[in-house]
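K.L.:
Under full-length UniProt numbering, the first residue of the sequence shown is numbered 1, with each subsequent residue one higher.
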Amino acid sequence: MKTSDMIRQLCDQMNISVSELARRLGQSPQNFGKKLKRETITLEELKAIADVMDVKFEQAFILPDGNEIKTGSE
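#1: Can you name the residues that DSSP bridges to E45?
#2: Quick check on the burial criterion: 16 or more other C-beta atoms within 10 angstroms. Buried or exposed for F32?
#3: Can you tell me where the alpha helix (DSSP H) holding Q9 begins and where it ends?
#4: Which two residues bound the contiguous alpha helix (DSSP H) that contains E20?
#5: Would you say the segment 41 to 54 touches the segment 16 to 33, given that touching needs at least three Cβ pairs under 8 Å?
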């Protein structure tokens, strides 16, 4: 699943529009929409999305032994 699809699904499940999410992030809906279309959302923006939506975000490398190297937001 593309990052933009994940963000749209999150908005749907949290009952807010993508435009409202953009405003909560301090971005214009037009600029944020272009980022979604180009798939240029940064890791820092994903963390900010998690913060403003009050959800947890995790990104990890999972090694063969099960250890994880991860970054996330709670």
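No residue lacks a Cβ here, since even glycine has one placed at the ideal position from N, Cα and C.
P.N.:
From the atom records:
#1: Counted from its first residue, the sequence shown places residue 45 at position 45. In the DSSP output, where bridge partners are listed per residue, E45 has none listed.
#2: Counted from its first residue, the sequence shown places residue 32 at position 32. In summary, F32 is buried, with 16 or more beta-carbon neighbours lying within 10 Å of its beta-carbon over all protein chains present.
#3: Counting from 1 along the sequence shown, the entry for residue 9 is found at position 9. Looking at the DSSP string, the run of the alpha helix (DSSP H) that includes Q9 is T3 to M14.
#4: Here residue 20 corresponds to residue number 20 of the sequence shown, with the count starting at 1. In this chain, the alpha helix (DSSP H) harbouring E20 covers V18 to R24.
#5: Cβ pair count under 8 Å is three or more, so yes.
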